[in-house]
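Worksheet: the structure to be examined is printed underneath.
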Amino acid sequence: MLSLAAAALFQAKSRPNIVMIFSDDHGRQAISAYGPKLISTPEIDRLAREGVRFDRHYTTNPLCAPSRASLLTGKYSHVNGMKDNASTFDGSQETFPKLLQAAGYRTAVIGKWHLVSNPTGFNDWEVLPGQGDYYNPAFLTPTGKVVEHGYVTEIITNKVLNWLGQQKGKPFFLLVGHKAPHRNWMPGPRQMTLFSDRIFPEPATLRTDYASLTTAAKTVKMRLDKNIRLAEDLMVDYVPPRMDANQRAAWKKAMAPQDAAYHRRLAETGDLLGTNYQRYLQEYLRCVAGIDESVGQIYGYLKKKKLLENTVVIYASDQGFFLGENAWYDKRWFYEPSSGTPLLIRPAGGAKAARAVTSLTTNIDLAPTFLELAGVTPPKAMQGNSLAPFLGGRGGVTGKSAVYGHFYESDDGDHQAPKYVAITTERHKLIYYYELNEWELFDLSQDTHETRNLWLSGVTRPVRAELVRKLLANMHQLKEDPDLIRQVEAAAKRVGAGSK
Ligand code: CA
80 MLSLAAAALF QAKSRPNIVM IFSDDHGRQA ISAYGPKLIS TPEIDRLARE GVRFDRHYTT
140 NPLCAPSRAS LLTGKYSHVN GMKDNASTFD GSQETFPKLL QAAGYRTAVI GKWHLVSNPT
200 GFNDWEVLPG QGDYYNPAFL TPTGKVVEHG YVTEIITNKV LNWLGQQKGK PFFLLVGHKA
260 PHRNWMPGPR QMTLFSDRIF PEPATLRTDY ASLTTAAKTV KMRLDKNIRL AEDLMVDYVP
320 PRMDANQRAA WKKAMAPQDA AYHRRLAETG DLLGTNYQRY LQEYLRCVAG IDESVGQIYG
380 YLKKKKLLEN TVVIYASDQG FFLGENAWYD KRWFYEPSSG TPLLIRPAGG AKAARAVTSL
440 TTNIDLAPTF LELAGVTPPK AMQGNSLAPF LGGRGGVTGK SAVYGHFYES DDGDHQAPKY
500 VAITTERHKL IYYYELNEWE LFDLSQDTHE TRNLWLSGVT RPVRAELVRK LLANMHQLKE
560 DPDLIRQVEA AAKRVGAGSK
């Protein structure tokens, strides 16, 4: 029998606090725990060193609001109704924060929310309206709107530390929603000159001709030379409008020499794509450096208050991001830089040794994970699988055989990325652009940059048929739209890949 003290410890340990730091548009390429090419992120990396790094974690609908709805519900977009950024989240449905509340947790969300309707299932909330602002941002609260002075990442971090300081007694779940590094990339006061002398390595596909990709890859409005805005995105000869006089003065002083350097480099090289790529990475990675600092402050606070022993700390983004791959910024596609998403989980007390999980996992799996960590049985209607077994270092855990993806927002009036349904297996990726009737098939073991479409030749008929069968099996199992299933079945049949 357990002693009283041991029983109390077990009880405490079995109901850990959970702090999820959830950034917006942070690709794995910009986290040194995943690869040190672009930036050093020592604070985020610490979570990987003391926990588990998920190397094949995916967002099933790689877009901000749908990803957030799937996080809360543990369901795919076609089930929770949040298919695109223009929808409004139905907050009356079952979410994991509501179930945590029912189990005795105190819950809070601070920062980016982006679901239009007000948060439900959170005891405390203070969220940015819509996309929010980097400088002097407004926050919505249960009692009205407040405008804060300063830089959004720092303001959110301070609010988080304040909230943590008020917790006592109950276990808690805290969702820290960072705005950064979302477009339009405005660095914080301490990061304005960071990387100003760096030349970043270009990705292998920066100067691609998209030869074997879908026709939509050639027309999508995500190119660093054609579509990114010089002023509002790259911040060249630009001052963010919400700044006060002091902020403007500091910004101009830091940016003026860099703007001159941008124009000089462009004049000397005539290379708009390469010049924009460098400037884009500077601004984007400055926003990331601010996030890394915030992670360090939150971790440091938990450590100081001796909360790390009984707190699970998660770092994730709502999806990945193109950092020049295919000459693109933004997300949306099922290609790795976009659907592939960082996920680091430091279990309460830390892991005995750092671990990397290469099994396929998705953002749908997070809600059941949090519930299981809190000792709550995930409802059957949730479509994901708890990742908790990966955290204990136990062997014998197998992941999914395929991850299913579906992107809907082709008509946002801006990017014009195509709709698709897709699966990735450990080795292959199959994408069907159903409005274009075009297929892509990649062998990720040979083609990490996804430049060689093997749909028409390059794989055997049985491999192709097996992938189509898997795509359709996922659509059936996940209760996809029957009309769409019929459309995919008919398209597969036309090319002789529909049956076993
Ligand atoms: Ca996002």
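Per this note's numbering, residue 80 is the first one in the sequence shown, and the count goes up by one each step. In this text, a Cβ means the ideal position worked out from N, Cα and C, and glycines have one as well.
Original post:
Are at least three pairs of beta-carbons, each pair with one atom in the region 477-490 and one in the region 134-145, less than 8 Å apart?
Top reply: These segments touch.
Original post:
For Ala87, which residues from the same chain have a beta carbon less than 6 Å from its beta carbon, with the 5 sequence-adjacent residues on both sides left out?
Top reply: In the sequence shown, residue 87 corresponds to position 8, counting from 1. Because Ala87 carries a pLDDT of 45, less than 50, the predicted location of this residue cannot be relied on, and the following value inherits that uncertainty. The answer is none, since no qualifying residue turns up.
Subject >> Proximity of Gly395 and Phe175 at Cβ, strictly below 9 Å >> reply: As a working note, residue 395 is residue 316 in the sequence shown. As a working note, residue 175 is residue 96 in the sequence shown. It should be pointed out that residue 395 corresponds to Ala in this sequence rather than to Gly. Their beta carbons are not under 9 Å apart, which means Ala395 does not touch Phe175 by this criterion.
**OP:** May I have a chain-ordered list of the beta strand (DSSP E) segments no shorter than 3 residues that lie completely inside the region 200-227?
**Re:** DSSP runs (the beta strand (DSSP E)) wholly in the region 200-227: 203-206, 217-220 and 223-226.
Subject >> Proximity below 9 Å, CB of Thr232 to CB of Lys258 >> reply: By one-based count along the sequence shown, residue 232 stands at place 153. By one-based count along the sequence shown, residue 258 stands at place 179. Result yes, Cβ atoms of Thr232 and Lys258 sit closer than 9 Å.
**OP:** Taking all protein chains shown into account, decide if Gly471 is buried (16 or more other Cβ within 10 angstroms of its Cβ) or exposed.
**Re:** Within the sequence shown, the letter at position 392 stands for residue 471. Looking at its Cβ environment, which holds fewer than 16 other Cβ atoms inside 10 Å, Gly471 is exposed.
Original post:
Closest by CA to Ala295, which one among Gly575, Tyr512, Glu372 and Leu381?
Top reply: The count along the sequence shown starts at 1 and reaches residue 295 at position 216. When each option's Cα is compared against that of Ala295, the closest is Tyr512.
Original post:
Does the region 365-374 come close enough to the region 110-121 to have 3 or more Cβ pairs within less than 8 Å?
Top reply: Segment contact: the region 365-374 against the region 110-121, three or more CB-CB distances shorter than 8 Å; contact assigned.
Original post:
What does Met99 pair with, by DSSP beta-bridge criteria?
Top reply: Start at 1 with the first residue of the sequence shown, and residue 99 comes out as number 20. Partner residues in the beta bridge of Met99, as assigned by DSSP, are Leu254 and Ile393.
**OP:** Give me the Cα-Cα distance between Leu151 and Ala446, rounded to the nearest whole angstrom.
**Re:** In the sequence shown, counting from the first residue as 1, residue 151 sits at position 72. In the sequence shown, counting from the first residue as 1, residue 446 sits at position 367. Straight across, the Cα-Cα distance linking Leu151 with Ala446 is about 6 Å.
Subject >> Contact check, Leu422 vs Thr440, beta carbons under 9 Å >> reply: In the sequence shown, counting from the first residue as 1, residue 422 sits at position 343. In the sequence shown, counting from the first residue as 1, residue 440 sits at position 361. Their beta carbons are under 9 Å apart, which means Leu422 touches Thr440 by this criterion.
Subject >> Spatially closest choice to Met265 from Arg94, Met322 and Val239, by CA coordinates >> reply: Residue mapping note: residue 265 aligns to position 186 of the sequence shown, counting from 1. Checked all of Arg94, Met322 and Val239; the closest Cα to Met265 is Met322.
**OP:** With a threshold of 16 other CB atoms inside 10 Å of the CB of Thr503, please say whether the residue is buried or exposed.
**Re:** Mapped onto the sequence shown, residue 503 falls at position 424. So Thr503 ends up on the buried side.
Subject >> Separation of Leu520 from Arg262, as counted between CA atoms >> reply: Counting from 1 along the sequence shown, the entry for residue 262 is found at position 183. Counting from 1 along the sequence shown, the entry for residue 520 is found at position 441. CA-CA distance, Arg262 to Leu520, rounds to 30 Å.
Subject >> Status (buried if at least 16 other CB within 10 Å, exposed otherwise) for Ser536 >> reply: Taking the first residue of the sequence shown as 1, we reach residue 536 at position 457. Around the CB of Ser536, fewer than 16 other CB atoms lie within 10 Å, so the residue is classed as exposed.
Original post:
With a cut-off of 8 Å, do at least 3 Cβ pairs link the region 451-468 to the region 165-185?
Top reply: The region 165-185 and the region 451-468 touch, with three or more beta-carbon pairs separated by less than 8 Å.
Original post:
Could you give the distance in angstroms between the alpha-carbon of Lys331 and the alpha-carbon of His228?
Top reply: Your numbering for residue 331 matches position 252 in the sequence shown. Your numbering for residue 228 matches position 149 in the sequence shown. Approximately 18 Å, taken between the alpha carbons.
Original post:
Where Phe401 and Arg343 are concerned, what is the direct C-alpha to C-alpha distance, given to the nearest angstrom?
Top reply: Mapped onto the sequence shown, residue 401 falls at position 322. Mapped onto the sequence shown, residue 343 falls at position 264. When rounded, the distance between both Cα atoms is 26 Å.
Subject >> Pro250 versus Ala576: straight-line alpha-carbon distance, rounded >> reply: Taking the first residue of the sequence shown as position 1, residue 250 is located at position 171. Taking the first residue of the sequence shown as position 1, residue 576 is located at position 497. So the alpha carbons of these two residues sit roughly 52 Å apart.
Subject >> Nearest-angstrom Cα separation, counted from Met99 out to Val315 >> reply: Mapped onto the sequence shown, residue 315 falls at position 236. Mapped onto the sequence shown, residue 99 falls at position 20. When rounded, the separation of the alpha-carbon atoms in Val315 and Met99 is 34 Å.
Original post:
Should Gln398 be counted as a contact of ligand 1 given a C-beta to heavy atom distance under 8 Å?
Top reply: As a position in the sequence shown, residue 398 is number 319, starting the count at 1. Judged by the Cβ position, Gln398 qualifies as a neighbour of ligand 1 at the 8 Å threshold, a heavy atom of the ligand being closer than this.
**OP:** Following the continuous alpha helix (DSSP H) through Lys238, name the residue where it begins and the one where it ends.
**Re:** Here residue 238 refers to the residue found at position 159 when the sequence shown is read from its first residue. Here the alpha helix (DSSP H) through Lys238 covers Val231 to Gly244.
Original post:
Which value, in whole angstroms, describes the spacing of the CA atoms of Met554 and Gly160?
Top reply: In the sequence shown, counting from the first residue as 1, residue 554 sits at position 475. In the sequence shown, counting from the first residue as 1, residue 160 sits at position 81. Their backbone Cα atoms lie some 16 Å apart in a straight line.
Original post:
Secondary structure at Trp412, three-state DSSP: helix, strand or coil?
Top reply: Taking the sequence shown and counting its residues from 1, the one referred to as residue 412 is at position 333. In the structure shown, Trp412 adopts coil according to DSSP, grouped into three states.
Subject >> Pairwise C-alpha distance: Ile234 and Trp204 >> reply: On the sequence shown, position 125 is the one that residue 204 refers to. On the sequence shown, position 155 is the one that residue 234 refers to. Trp204 and Ile234 have their C-alpha atoms spaced approximately 14 Å apart.
Original post:
Which value, in whole angstroms, describes the spacing of the CA atoms of Ile510 and Ala467?
Top reply: Here residue 510 refers to the residue found at position 431 when the sequence shown is read from its first residue. Here residue 467 refers to the residue found at position 388 when the sequence shown is read from its first residue. Spanning the two alpha carbons is a distance of roughly 30 Å.
Subject >> Residue(s) in a DSSP beta bridge with Trp264 >> reply: By 1-based counting over the sequence shown, the position of residue 264 is 185. According to DSSP, which records beta bridges pairwise, Trp264 is partnered with nothing at all.
Original post:
Per DSSP, Glu519 forms a beta bridge with which residues?
Top reply: Walking along the sequence shown from the start, residue 519 turns up at place 440. Residue pairing for Glu519: DSSP places it in a beta bridge opposite Ile510.
**OP:** Compute the minimum distance between the beta carbon of Cys366 and the heavy atoms of ligand 1, and state whether it is under 8 Å.
**Re:** Numbered from 1 along the sequence shown, position 287 holds the residue referred to as residue 366. No, the beta carbon of Cys366 sits no closer than 8 Å to any heavy atom of ligand 1.
Original post:
When DSSP labels each residue in this structure, what does Val542 get in the three-state scheme?
Top reply: Indexing the sequence shown from 1 puts residue 542 at position 463. In the structure shown, Val542 falls within a helical segment according to DSSP collapsed to helix, strand and coil.
Original post:
With a Cβ-Cβ cutoff of 9 Å, do Leu194 and Pro208 count as a contact?
Top reply: Counting from 1 along the sequence shown, the entry for residue 194 is found at position 115. Counting from 1 along the sequence shown, the entry for residue 208 is found at position 129. Between Leu194 and Pro208, the C-beta gap is not smaller than 9 Å, which leaves the two residues out of contact.
Subject >> N- and C-terminal bounds of the beta strand (DSSP E) containing Ile189 >> reply: Taking the first residue of the sequence shown as position 1, residue 189 is located at position 110. Start and end: Arg185 to Gly190.
**OP:** Report yes if the C-beta of Asp146 is less than 8 Å from at least one heavy atom of ligand 1; otherwise report no.
**Re:** Taking the first residue of the sequence shown as position 1, residue 146 is located at position 67. First, the amino acid is wrong: residue 146 is Ser here, not Asp. The answer is yes for Ser146.
Subject >> Where Lys331 falls: helix, strand or coil (DSSP) >> reply: Taking the first residue of the sequence shown as 1, we reach residue 331 at position 252. When secondary structure is reduced to three states using DSSP, Lys331 falls in the helix class.
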